[in-house]
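Reviewing the structure listed below.
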Amino acid sequence: MTDISIPNITLNNGVTIPQLGFGVFQVPDEQTTEVVLEALKAGYRSIDTAAVYGNEGGVGKALAQTDIPREQLFITSKVWNSDQGYESTLKAFDETMSKLGLDYLDMYLIHWPTPEKKLYVETWKALEELYAQKKVRVIGVSNFQPGHLEDLINQSSVTPAVNQVEVHPAMQNRNVIAADREFGIATEAWSPLAKGEVLGEKPIQDIADKYGKTPAQVVIRWHLQEGRIVIPKSVTPARIAENLDVFDFQLTAEDMKSIDGLERGYRTGPHPDQFN
Ligand SMILES: NC(=O)c1ccc[n+]([C@@H]2O[C@H](COP(=O)([O-])OP(=O)(O)OC[C@H]3O[C@@H](n4cnc5c(N)ncnc54)[C@H](OP(=O)(O)O)[C@@H]3O)[C@@H](O)[C@H]2O)c1
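Residue numbers (the numbering used here): 6 to 281.
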């Protein structure tokens with residue numbers, strides 16, 4: 006499977022990111038090394054972790070063991086809510102880097118806006134500093150609503166390159182995606198499979214049967230054809246490979262529309278306005 010060629014998306018600063026990556030939320034640290042090595046073997050090159058996942062160390066061990074050249078990898082991590090603020094973000098970044106064992110990071114994100122804290126602009130200044138020092142190739146945000154984006158951009162010199170938000174057939178987040186597009190920000194879909202909860206939906210199953218693919222492959226294809234970056238997670242080797250085997254079929258406009266019809270405003274995670 007290592008010959009699979011994953012398309013790249015060019016971000017607003019010219020850096021490219023693989024459109025399909027691998028997430029490690031809720032993978033225990035001690036299992037993360039083998040899971041990440043499995044994903045790299047399958048052909049993934051982009052890995053999404055976060056300080057709060059508690060498994061940056063496990064990711065770091067996998068990166069130390071792989072013989073894939075560093076420049077072919079795209080590693081993302083995120084600053085956690087309790088570390089927001091200028092100095093505390095710089096400190097959190099150093100801890101992240103020491104756990105990952107890297108001398109530069111590909112992408113660093115503010116994990117949640119936590120609007121009640123009123124610290125995301127200060128936190129962003131720290132990310133701008135890390136970017137200026139070339140310790141990070143891409144800086145971005147996660148879970149930012151259109152109002153948070155506008156507020157941040159009005160007070161900053163660097164526009165976020167990516168907004169990583171919850172997107173799947175049952176929660177399509179169209180207003181956030183429209184705002185991202187307006188600001189030139191790429192949307193990255195987290196919980197792209199709704200944590201597996203949409204895979205039994207009849208329209209998805211019917212489309213999967215039509216192409217001889219699985220429901221997960223159909224949903225990943227739907228994200229890719231919408232132009233989003235997508236980071237499904239699995240600890241199961243067969244699924245890790247399955248989720249990457251999505252480049253030999255194409256959904257029709259009618260298939261896409263039928264998946265669009267599954268929108269029901271269903272969040273697997275908290276609403277960004279209320280999470281502090
Ligand atoms: N920025 C944020 O706030 C935020 C929040 C949540 C997630 N994320 C990121 O997004 C990534 C993905 O989201 P997620 O982990 O929440 O959920 P997800 O990728 O939507 O779904 C993962 C779940 O689906 C199952 N699954 C995966 N592939 C499958 C397949 N082919 N067939 C059937 N079931 C399958 C997995 O099971 P097994 O693992 O048991 O195989 C797991 O239970 C995370 O890992 C993380 O990197 C970011």
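Even for Gly, the Cβ is constructed at its ideal location relative to N, Cα and C.
Helix, strand or coil for residue i? Go by DSSP, reduced to three states.
{"i": "Pro23", "result": "strand"}
{"i": "Asp185", "result": "helix"}
{"i": "Gly65", "result": "helix"}
{"i": "His276", "result": "coil"}
{"i": "Tyr49", "result": "coil"}
{"i": "Thr164", "result": "coil"}
{"i": "Asp34", "result": "helix"}
{"i": "Leu110", "result": "strand"}
{"i": "Arg269", "result": "coil"}
{"i": "Glu202", "result": "coil"}
{"i": "Val57", "result": "helix"}
Between which two residues does the alpha helix (DSSP H) carrying residue i extend?
{"i": "Met301", "result": "Residue coverage of the chain in this structure runs from 6 to 281, which leaves residue 301 outside it and unanswerable."}
{"i": "Trp117", "result": "Note, Trp117: premise wrong, no alpha helix (DSSP H); not H, not E."}
{"i": "Asp211", "result": "207-216"}
{"i": "Gly152", "result": "151-159"}
{"i": "Phe254", "result": "Careful: Phe254 lies outside any alpha helix (DSSP H) and carries neither H nor E."}
{"i": "Ser103", "result": "91-105"}
{"i": "Gln230", "result": "220-230"}
{"i": "Ile14", "result": "Segment 13-15 is the beta strand (DSSP E) holding Ile14; no alpha helix (DSSP H) there."}
{"i": "Ala131", "result": "125-137"}
{"i": "Glu247", "result": "242-247"}
With a threshold of 7 Å, establish whether the CB of residue i neighbours any heavy atom of ligand 1.
{"i": "Leu204", "result": "yes"}
{"i": "Thr241", "result": "yes"}
{"i": "Ala258", "result": "no"}
{"i": "Leu198", "result": "yes"}
{"i": "Lys123", "result": "no"}
{"i": "Trp129", "result": "no"}
{"i": "Lys218", "result": "no"}
{"i": "Lys238", "result": "yes"}
{"i": "Trp195", "result": "yes"}
Considering only residues of the same chain and omitting the five flanking positions on each side of residue i, which have a CB-CB separation below 6 Å?
{"i": "Glu193", "result": "Val167, Gln169, Ile234"}
{"i": "Phe149", "result": "Pro118, Asn168"}
{"i": "Val57", "result": "Trp85"}
{"i": "Tyr49", "result": "Phe27"}
{"i": "Pro165", "result": "Gly145, Val146, Ile190"}
{"i": "Gln222", "result": "Val251"}
{"i": "Met6", "result": "Low local confidence applies: a pLDDT of 47 at Met6 is under 50, so the model's placement there is unreliable, and no value is given."}
Anyone know if the C-beta pair for residue i and residue j falls short of 8 Å?
{"i": "Met282", "j": "Arg75", "result": "Shown here, the chain extends from 6 to 281; a query on residue 282 therefore has no answer."}
{"i": "Ser82", "j": "Thr101", "result": "yes"}
{"i": "Ala131", "j": "Tyr91", "result": "yes"}
{"i": "Gly274", "j": "Ser196", "result": "yes"}
{"i": "Ala67", "j": "Leu42", "result": "yes"}
{"i": "Ile158", "j": "Leu110", "result": "no"}
{"i": "Pro12", "j": "Ser51", "result": "no"}
{"i": "Val224", "j": "Val203", "result": "yes"}
{"i": "Leu25", "j": "Leu229", "result": "yes"}
{"i": "Trp227", "j": "Leu256", "result": "yes"}
Going by DSSP, what residue range makes up the beta strand (DSSP E) through residue i?
{"i": "Ser82", "result": "79-84"}
{"i": "Arg142", "result": "141-147"}
{"i": "Thr192", "result": "191-195"}
Please work out which residues of its chain come closer than 7 Å, Cβ to Cβ, to residue i, disregarding the five sequence neighbours upstream and downstream, and give them in chain order.
{"i": "Asp278", "result": "Pro120, Gln150"}
{"i": "Lys262", "result": "none"}
{"i": "Gln219", "result": "A small fix is needed here, since residue 219 is Thr in this sequence, not Gln. Hits under 7 Å: Ala213, Glu247."}
Can you list, in chain order, the residues of its chain whose CB lies under 8 Å from that of residue i, leaving out five sequence neighbours each side?
{"i": "Asp34", "result": "Gly59, Asn60, Gly62, Gly63"}
{"i": "Ile73", "result": "Leu45, Arg50"}
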